[in-house]
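Residue 4 in UniProt numbering sits at position 4 of the sequence shown; the count goes up by one each step and never skips.
Note that the Cβ used here is the ideal one computed from N, Cα and C, for glycine as well.
What follows is one structure encoded as structure tokens, with my remarks underneath.
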Amino acid sequence: MTIINAHLSYLHGHVSMEISKLRVLGEGTLGTVRLAWVNSQVVVIKSTELSKWPALSKEYNLLKKLDGCNEVTQCFGMFNDFEDGKEYCNLLLEYASGGSLDDHIKNHQGGCLPENENMVRKYILMLLRGLSAIHQKGIVHCDLKPANILVFPNEDGICRLKIADFGNARTVRFRNSRKFKIVGTPLYMSPESVALGEIMPPLDVWSLGCIIIEMLTGKRALQLRSLKDLITYLAFTNEAPSIPENMSTIGRQFLEKCFVRNPKERWTADMLLNHPYMFNFAYPLSFHKIIKSNLSTCASPPCGCSPVSSCCCPDCSSYFSGNILRQAHMPYSFHIPSYDLWSPKINFSRLLESFKD
């Protein structure tokens, strides 16, 4: 047990902490993640050598912007300490006793489709709320995948999912420079991030679509043999991941919006929150007002349902998507460059080398 003086939290200033570091949970390029007791509370400590302090400091500052977001793992503070004669920089993070979403998918081989698709919808809602909050702060996660989504068990049996690990996240203010610096995990990257080096919010939406397929089927959205095949698929074809055939019609339509090739046309997290697929779990006031304001001007859906109902039949969902959601479009607050996937500037060898950097 050690007692140190540290900057525990940006909310509470300098306080004394009693820290007992327990087992190692994982190790990465930036450092080590450990389970720990801090002032009688179970937390996670993410540590890195002082020479790598800027990367951890950047993650800390991004998490500060997301303080209080229920769908993002919380950061309690940052401090320095010494171990074996070396100085380390540490982040105090929220501990998820349920492990990661990746763990749960592996423990449920075969996925959740079709009997538990409704359960998956609840998890999608949580992730969308998290992405919406992240994007509204001008942040792109860049590495959204099941291993970076933590699981918090609840007494009602429905786990809460939270987005974690902002080590690769970027802040986007205006237009992003194209440096062909590959960021993230290849299997969850979007076409524009691979082909053009674009780091914009649509990247996270594509990644979310890949995660949804994995939750439903237990298999990766892209079943490709090599990195070369993956680059070819994402950068030089016009294909999208295969959507499970036995998924509900409204669910398939939802996923299609995540996998639109052109990032300028791909739906935003806010738009997806207003998709009929989410109706049973969230009915945003803003969308309710939009529907009511259009009752007098919009024709009834083909199935005869009321426009304010949560009907999920194919005709009705098509009606909502085409006639109402278009008016509920909440555009990104920053510039998305023009998209030209087959630009002659794209060089396969250069892309492959970028993945190796």
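The alpha helix (DSSP H) with residue i in it runs from where to where?
i: glutamate 83; result: Looking at the DSSP string, glutamate 83 is not in any alpha helix (DSSP H); the run it does join, the beta strand (DSSP E), is 75-83.
i: isoleucine 134; result: 117-136
i: asparagine 61; result: 53-65
i: leucine 35; result: Leucine 35 -> not in any alpha helix (DSSP H); beta strand (DSSP E) instead, spanning 32-38.
i: serine 207; result: 201-217
i: valine 194; result: 191-195
i: leucine 272; result: 269-273
Could you spell out the range, first to last residue, of the beta strand (DSSP E) harbouring residue i?
i: glutamate 49; result: 41-49
i: isoleucine 231; result: First-last for isoleucine 231: 227-236, but that is the alpha helix (DSSP H), not the beta strand (DSSP E).
i: phenylalanine 254; result: Not the beta strand (DSSP E): phenylalanine 254 falls in the alpha helix (DSSP H), residues 249-258.
i: isoleucine 163; result: 160-163
i: leucine 222; result: Looking at the DSSP string, leucine 222 is not in any beta strand (DSSP E), and its letter there is neither H nor E.
i: alanine 96; result: Looking at the DSSP string, alanine 96 is not in any beta strand (DSSP E), and its letter there is neither H nor E.
i: leucine 150; result: 149-152
Do the CB positions of residue i and residue j come within less than 8 Å of each other?
i: glutamate 192; j: proline 263; result: yes
i: isoleucine 149; j: alanine 133; result: no
i: leucine 230; j: leucine 224; result: yes
i: glutamate 71; j: lysine 137; result: no
i: residue 360; j: lysine 46; result: The question about residue 360 has no answer, for the chain in this structure spans 1 to 357.
i: cysteine 258; j: leucine 208; result: yes
i: proline 146; j: serine 190; result: no
i: proline 201; j: valine 140; result: yes
i: valine 24; j: leucine 92; result: no
i: leucine 272; j: leucine 66; result: no
i: glycine 26; j: isoleucine 105; result: no
Within the same chain, show all residues whose beta-carbon is closer than 7 Å to that of residue i, passing over the 5 residues directly before and after it, in chain order.
i: isoleucine 124; result: Ile212
i: arginine 160; result: Met126, Phe152, Asn154
i: valine 172; result: Gly138, Val140, Ile199, Met200, Phe334
i: aspartate 102; result: Pro146, Ala147
i: asparagine 107; result: none
When we look at the beta-carbon of residue i and count the other beta-carbons within 10 Å, is it buried (16 or more) or exposed?
i: serine 20; result: exposed
i: histidine 275; result: buried
i: serine 226; result: exposed
i: asparagine 246; result: exposed
i: proline 153; result: exposed
i: serine 40; result: exposed
i: valine 44; result: buried
i: leucine 22; result: exposed
i: leucine 50; result: exposed
i: histidine 135; result: buried
i: aspartate 204; result: buried
i: leucine 196; result: buried
i: isoleucine 158; result: exposed
i: glycine 130; result: buried
i: proline 54; result: exposed
i: serine 296; result: Here the model assigns serine 296 a pLDDT of 35, short of 50, so the residue's position is not dependable and the matter cannot be decided.
i: glycine 68; result: exposed
i: glycine 28; result: exposed
i: glutamate 214; result: buried
i: threonine 268; result: buried
i: threonine 237; result: exposed
i: glycine 77; result: buried
Please list, in chain order, all residues of the same chain as residue i whose beta carbon is under 8 Å from its beta carbon, the five residues on each side excluded.
i: valine 183; result: Cys142, Asp143, Asn168, Arg170, Ser193, Ile199
i: tyrosine 233; result: Leu222, Leu224, Glu239
i: glutamate 117; result: Leu216, Met247, Ser248, Gly251
i: glutamate 98; result: A quick correction: the sequence has glycine, not glutamate, at residue 98. Around glycine 98: His104, Leu150, Val151, Phe152, Pro153, Cys159.
Report all residues from its chain with a CB closer than 6 Å to the CB of residue i; omit the five preceding and five following residues, and keep chain order.
i: phenylalanine 254; result: His275, Tyr277
i: lysine 228; result: none
i: proline 186; result: Leu230
i: glutamate 59; result: Phe166, Gly167
i: threonine 48; result: Leu30, Gly31, Leu56, Cys89
i: isoleucine 243; result: Arg252, Leu255
i: tyrosine 188; result: Lys145, Ser207, Cys210
i: arginine 266; result: Pro202, Val205, Val260
i: residue 358; result: Past the boundaries of the shown model lies residue 358; the chain is included only from 1 to 357, so the question cannot be answered.
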